[in-house]
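Numbering (my numbering), first residue to last: 3 to 176. Note that CB positions come from ideal geometry on N, CA and C, so glycine has one too. Just so it is clear, the structure is predicted and the values come from calculations on it, not from any experiment.
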């Protein structure tokens, strides 16, 4: 079971436009995507940052709302310093990274944990907890917004392509 950060990004490295706008992604969603289907089939739990959890879903109000275009139906752990007062069905709110990752792994069982959100993914990378990175590149330049990697990880991070996978699916090796 791996901790995977998978994200669709613009060619210039932005996951969201200004103000967290995800509407740009709508025209790039839908249709068959074998890589996304494989990731979804392997995913047993989500580890989500609070900004992403509260964020703009390009499919809001449609049958495709939610993770993986509404196809994901499973547990989620949200890493946050601001847990809500009222519970949310199928979602656990955790205030520290180590506990959040451990809980997500536990919920995932023998399947993968998929990380959603640039900041929580960066925290996992910096803590040495992230195993893989999958980048899906949309043919668009956004120019500004939320970067896939919001800051430098504090040193070089070596990656190696995963054999038999897309050209942008990597194992973290250091």
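query	result
Residues that DSSP places opposite residue 93 in a beta bridge	78 and 90
Whole-angstrom distance between residue 6 and residue 97, CA atom to CA atom	20 Å
Span of the beta strand (DSSP E), counted from its first residue to its last, around residue 140	134-140
Opposing strand residues paired with residue 114 [DSSP bridges]	45
Element boundaries [alpha helix (DSSP H), containing residue 52]	52-56
Test item: CB-CB of residue 147 and residue 43 under 7 Å	no
Which of helix, strand or coil DSSP assigns to residue 162	strand
Short Cβ contact (7 Å threshold) for residue 115 with residue 106	yes
Within 7 Å, strictly: CB atoms of residue 122 and residue 51	yes
Delimiting residues of the alpha helix (DSSP H) encompassing residue 9	Note, residue 9: premise wrong, no alpha helix (DSSP H); beta strand (DSSP E) at 5-12.
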